[in-house]
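In our numbering, the protein residues as written are 26 to 151.
Reading through the structure tokens given below for one structure.
See the structure below:
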């Protein structure tokens with residue numbers, strides 16, 4: 026995962042359209058990540074997830090552009106990613122863009138997304 030880079034636009038204007046390249050899915054209470062950022066370790070609930078990133082419930086502020094390492098705590102197996110803070114909602118959490126996912130962990134991330142999409146559709150039918 027070393028050598029991965031991500032360039033962040035710090036433009037103050039927000040476009041009226043979504044720049045998201047992958048659809049995200051809301052997560053149930055059971056999706057958590059252990060993450061490290063600037064020497065500080067934390068465990069946070071994942072509020073939504075896509076193959077390109079996630080949004081965490083995180084009380085402590087971080088700056089846009091801050092790098093982090095995330096380890097998912099899920100039944101699909103080991104999922105380790107490197108990410109960068111792309112969006113901040115003070116008091117609610119942080120949006121991360123994945124900058125690297127190991128080749129071994131990528132299938133586990135895909136399996137997690139498949140499970141979450143299935144759960145989301147199942148809840149919608151009730």
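Cβ atoms here follow ideal geometry from the backbone N, Cα and C, with glycine treated the same way.
Quick one: grab the DSSP three-state call for residue 91.
coil
For residue 98, count neighbouring Cβ atoms within 10 angstroms of its own Cβ and tell me buried if that reaches 16, exposed if not.
exposed
Going by DSSP, which residues form a beta bridge with residue 112?
120
For the candidate residues 118, 51, 110 and 101, whose alpha-carbon lies nearest to that of residue 124?
110
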